[in-house]
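With the numbering used here applied, the sequence shown has no gaps in its numbers, which climb one by one up to 496 at the end.
Working notes, structure below.
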Amino acid sequence: MTTPAPAEVGHGIKGPTVVEIDAFRGRLISADHTDYDVARAIWNGTIDRRPHLIARCIGTADVVAAMRFARDHDLEIAIRGGGHNVAGTAVCDDGIVIDLSAMRGVRVDPANRRAWVQGGALWGDVDHETQAHGLATTGGIVSHTGVAGLTLGGGVGWLMRKHGLTIDNLLAVDIVTADGGLLRASKDEHPDLFWALRGGGGNFGVVTSFEFRLNSVGPTVLAGPILWDAPDAGEVLRFYRDFVRDAPDELGTVVRFGTAPPLSVIPEHLHWRPVVMVGTCYAGPIEDGERVLRPLRTSRPPLLDLVGPAPYVGFQSALDSTVVHGWNYYWKSTYLPQLCDDLIDVLTEHAFSCSSPRSYAAMFHLKGAVGRVAEGATAFGSRQASHAITLDAVWRPGEDFGDQDTAWSRRFFAALGRFREGVYVNFLGGDEDPGRVREAYGDAVYDRLVDVKTTYDPENVFHHNQNIRPRTGTRIIGSTRAPH
Ligand SMILES: Cc1cc2nc3c(=O)[nH]c(=O)nc-3n(C[C@H](O)[C@H](O)[C@H](O)COP(=O)(O)OP(=O)(O)OC[C@H]3O[C@@H](n4cnc5c(N)ncnc54)[C@H](O)[C@@H]3O)c2cc1C
Numbered sequence: 013m014t015t016p017a018p019a020e021v022g023h024g025i026k027g028p029t030v031v032e033i034d035a036f037r038g039r040l041i042s043a044d045h046t047d048y049d050v051a052r053a054i055w056n057g058t059i060d061r062r063p064h065l066i067a068r069c070i071g072t073a074d075v076v077a078a079m080r081f082a083r084d085h086d087l088e089i090a091i092r093g094g095g096h097n098v099a100g101t102a103v104c105d106d107g108i109v110i111d112l113s114a115m116r117g118v119r120v121d122p123a124n125r126r127a128w129v130q131g132g133a134l135w136g137d138v139d140h141e142t143q144a145h146g147l148a149t150t151g152g153i154v155s156h157t158g159v160a161g162l163t164l165g166g167g168v169g170w171l172m173r174k175h176g177l178t179i180d181n182l183l184a185v186d187i188v189t190a191d192g193g194l195l196r197a198s199k200d201e202h203p204d205l206f207w208a209l210r211g212g213g214g215n216f217g218v219v220t221s222f223e224f225r226l227n228s229v230g231p232t233v234l235a236g237p238i239l240w241d242a243p244d245a246g247e248v249l250r251f252y253r254d255f256v257r258d259a260p261d262e263l264g265t266v267v268r269f270g271t272a273p274p275l276s277v278i279p280e281h282l283h284w285r286p287v288v289m290v291g292t293c294y295a296g297p298i299e300d301g302e303r304v305l306r307p308l309r310t311s312r313p314p315l316l317d318l319v320g321p322a323p324y325v326g327f328q329s330a331l332d333s334t335v336v337h338g339w340n341y342y343w344k345s346t347y348l349p350q351l352c353d354d355l356i357d358v359l360t361e362h363a364f365s366c367s368s369p370r371s372y373a374a375m376f377h378l379k380g381a382v383g384r385v386a387e388g389a390t391a392f393g394s395r396q397a398s399h400a401i402t403l404d405a406v407w408r409p410g411e412d413f414g415d416q417d418t419a420w421s422r423r424f425f426a427a428l429g430r431f432r433e434g435v436y437v438n439f440l441g442g443d444e445d446p447g448r449v450r451e452a453y454g455d456a457v458y459d460r461l462v463d464v465k466t467t468y469d470p471e472n473v474f475h476h477n478q479n480i481r482p483r484t485g486t487r488i489i490g491s492t493r494a495p496h
């Protein structure tokens, strides 16, 4: 075995090329490798970190080997699932990235409505396999988002009001813990850990496999966006507020404020026009969806109505090209209560004042099955919020919009201050106040997460995340920096 001595690979010190980790069969990519820059790049192009080593695992045994190697050499550890998190926690400087991006297998048992999904799979992988049987579980609304990070933070999507959050469909996980051991967690096995994994993020170990319950969905659903001109946004939102308050659980909606993206389904003359777009997906019979959606579609004449029967799997990737890998992103986010007139005024005043034509705000409607699970039954922060909004500055490499739209996102967030009701942990950015992780969970859930963290990761080995600090965790492995 050729491994560098601990001192040679420690924080901030360049060691010799690692050519081998005992019992590791995947790829080891270090700085002198031709694939290094591609391998360290993640979705958010503003993140430019240089790990000492990327351990691209091809199975659970590799994850165990990489974990033990990292512990033996006191390396900072980052875990990469889909590499999509806007805060860039999937990659670290100087340490090791335990990279699951080659572990994208999905196995479906249609008879028992179960899916087993490897820890580096993307939602497109899951939808592709499950929809072959007319089945699905709640996933994200962009198909190139990772299953692991999304699930461990909670998981909101089109299906959540009918079928619950992603974690409400999670039955068990295989997880490699801080000591390099492999555990299965479910409601009967390590139930404290299983509770924490359903919302507590990547704080407890490296999940190599998820077992999900599946539900009948489609494969054809009634879905699509309705677009109105930006100046109509106030009136549209007032109607939308009343409409979604009484909508059946089958109806998932996301409001997007921004310009009409240049998608092939949108006529060219509308491209880049500021619009309020209500995305819809009805997870039930098409005819029922037609009836349910009629009032919204006829509330005022839209610029464009693209609602129609569509394959669920295709609809799930409809927004992919609006949030491309390698562009630059900066997010602020908060939960919001039901839309009152004052809140609508703030939304309409700020939503369209960004500079980049690619920046946008997206507001998910929650409630339904999300809110019927008791607060604290899982480690998900707030089940009673009405909406989760992200204020997303987007600019391409070489474009000048970064400073202006980062300021726009912060300004918009500040203007929402008096309406804020916590935050979805997966929408937190990389420069948040330390108190925002506690805000994401609330005191009771956060304190319980600290207990579980103290049991399973007392040294805070997994701190490259939205960190829950253990009570005993005074020693931060591999890093002199305080985790955020
Ligand atoms: C364009 C876009 C759209 C999104 N849409 C949605 C949406 O519809 N619904 C929603 O709920 N969220 C959504 N999100 C947020 C998303 O849930 C988070 O970004 C999530 O972290 C992505 O998961 P990932 O595996 O790609 O993350 P990564 O960036 O790979 O990892 C982020 C963190 O997750 C943890 N992690 C990742 N993999 C593992 C693993 N195998 N084991 C243990 N911990 C792990 C680690 O702590 C890691 O630092 C969206 C994000 C983006 C950028």
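C-beta atoms are modelled at their ideal positions from N, C-alpha and C, and glycine is treated no differently.
With respect to 7 angstroms, is the separation between the Cβ of N477 and the closest non-hydrogen atom of ligand 1 below this value? Within the chosen limit of 7 angstroms, ligand 1 reaches the beta carbon of N477 through at least one heavy atom.
Kindly indicate which three-state DSSP category N227 falls into: helix, strand or coil? Strand at N227.
Residue(s) in a DSSP beta bridge with S221: For S221, DSSP records a beta bridge to Q130, D186.
Taking all protein chains shown into account, do 16 or more other C-beta atoms lie within 10 angstroms of the C-beta of R173, making it buried, or fewer, making it exposed? With 16 or more Cβ atoms within 10 Å of its Cβ, R173 is classed as buried.
Using only CA atoms, which one of G212, W170, N181 lies nearest to P522? Coverage of the chain is limited to positions 13 through 496, which leaves residue 522 absent and any answer about it impossible.
If we require 3 or more residues per run, which beta strand (DSSP E) segments fall completely within the region 96-184? The beta strand (DSSP E) runs of length 3 or more contained entirely in the region 96-184 are, from start to end of the chain, 108-111, 118-121, 126-130.
Ligand 1 and H283: does any heavy atom of the ligand fall closer than 7 angstroms to the residue's C-beta? H283 has its Cβ no nearer than 7 angstroms to any heavy atom of ligand 1.
Beta-carbon spacing of A405, Y347 below 8 angstroms: One thing to note: A405 has its Cβ no nearer than 8 angstroms to the Cβ of Y347.
Let me know the alpha helix (DSSP H) ranges lying completely inside the region 237-291, each 4 residues or longer, listed in chain order. Segments of the alpha helix (DSSP H) lying fully in the region 237-291: 245-257.
With a threshold of 8 angstroms between beta carbons, is L147 in contact with chain D? The structure shown contains no chain D; it is built from a single protein chain.
H96 CB to nearest heavy atom of ligand 1 below 7 angstroms: At least one heavy atom of ligand 1 sits closer than 7 angstroms to the Cβ of H96.
Looking at T310: is its Cβ nearer than 8 angstroms to the Cβ of L263? With contacts defined as CB atoms closer than 8 angstroms, T310 and L263 fail to qualify as a contacting pair.
Do G454 and G441 come within 8 angstroms of each other at the CB atom, strictly closer than that value? With contacts defined by Cβ atoms closer than 8 angstroms, G441 and G454 do not form a contacting pair.
Please report the distance separating the alpha-carbon of I489 from that of P243. Its pLDDT being 46, under 50, I489 is placed unreliably in this model, and the coordinates cannot settle the point.
Ligand 1 and G131: does the residue's C-beta get closer than 7 angstroms to at least one heavy atom of that ligand? Result yes, Cβ under 7 angstroms from ligand 1.
Flag T101 as yes when its Cβ comes closer than 7 angstroms to any non-hydrogen atom of ligand 1, and as no otherwise. Flag set: Cβ of T101 near ligand 1.
Per DSSP, what are the beta-bridge partners of N479 in this structure? According to DSSP, which records beta bridges pairwise, N479 is partnered with nothing at all.
Where S365 falls: helix, strand or coil (DSSP): Shown here, S365 sits in coil according to DSSP, grouped into three states, outside any helix or strand.
List the endpoints of the continuous beta strand (DSSP E) containing W343. Boundaries of the beta strand (DSSP E) around W343: 340-348.
CA-to-CA distance, G167 to H140, given in whole angstroms: Those two C-alpha atoms are separated by around 18 angstroms.
Own chain residues within Cβ distance below 7 angstroms of A456, not counting five before or after: Within the same chain, A456 has close Cβ partners G388.
What I want to know is whether the C-beta of I91 ends up closer than 7 angstroms to one or more non-hydrogen atoms of ligand 1. In this structure, I91 has its CB closer than 7 angstroms to one or more heavy atoms of ligand 1.
In whole angstroms, what is the alpha-carbon distance linking G338 and T101? Rounded to whole angstroms, G338 to T101 spans 15 angstroms at the Cα level.
The beta strand (DSSP E) enclosing P203, as first and last residue numbers: Where P203 is concerned, there is no enclosing beta strand (DSSP E), although the alpha helix (DSSP H) it sits in stretches over 203-209.
What would DSSP say about V406, mapped onto helix, strand or coil? Strand, per DSSP.
Shorter than 7 angstroms, the distance from the beta carbon of L112 to the closest heavy atom of ligand 1, or not? Relative to ligand 1, L112 has its C-beta within less than 7 angstroms of a heavy atom.
Option nearest S228 by Cα separation, candidates V118, A452, N181: Out of V118, A452, N181, N181 has the C-alpha closest to the C-alpha of S228.
Quick check on the DSSP output: the alpha helix (DSSP H) that includes L65 runs from which residue to which? L65 -> not in any alpha helix (DSSP H); beta strand (DSSP E) instead, spanning 65-68.
Same chain only: Cβ atoms within 6 angstroms of M289, ignoring 5 sequence neighbours per side: So the qualifying residues of the chain are P237, L239, R268.
Assuming A127 and L226 make a contact with CB atoms under 8 angstroms, what is their CB distance in whole Å? That belief holds up - the Cβ atoms of A127 and L226 are roughly 6 angstroms apart, short of 8 angstroms.
Check G447 in the structure and name its three-state DSSP category. In the structure shown, G447 adopts helical secondary structure according to DSSP, grouped into three states.
Buried or exposed: A245, going by 16 or more other Cβ atoms within 10 Å of its Cβ? With 16 or more other Cβ atoms within 10 Å, it is buried.
Decide if V159 is buried, meaning its Cβ has at least 16 other Cβ atoms within 10 Å, or exposed. Residue environment for V159: buried (at least 16 other C-beta atoms within 10 angstroms of its C-beta).
Grouping DSSP H, G and I as helix and E and B as strand, with all else coil, what is T484? Assignment of T484 by DSSP, reduced to helix, strand and coil, places it in the coil class.
Alpha-carbon to alpha-carbon, N477 and I33: The straight-line gap separating the alpha-carbon atoms of I33 and N477 is approximately 25 angstroms.
Let me know if A494 comes out buried or exposed under the rule of 16 or more other beta-carbons within 10 Å of its beta-carbon. Only weak support is given to the placement of A494: the predicted model assigns it a pLDDT of 35, under 50, and the value that follows is read from those uncertain coordinates. With fewer than 16 Cβ atoms within 10 Å of its Cβ, A494 is classed as exposed.
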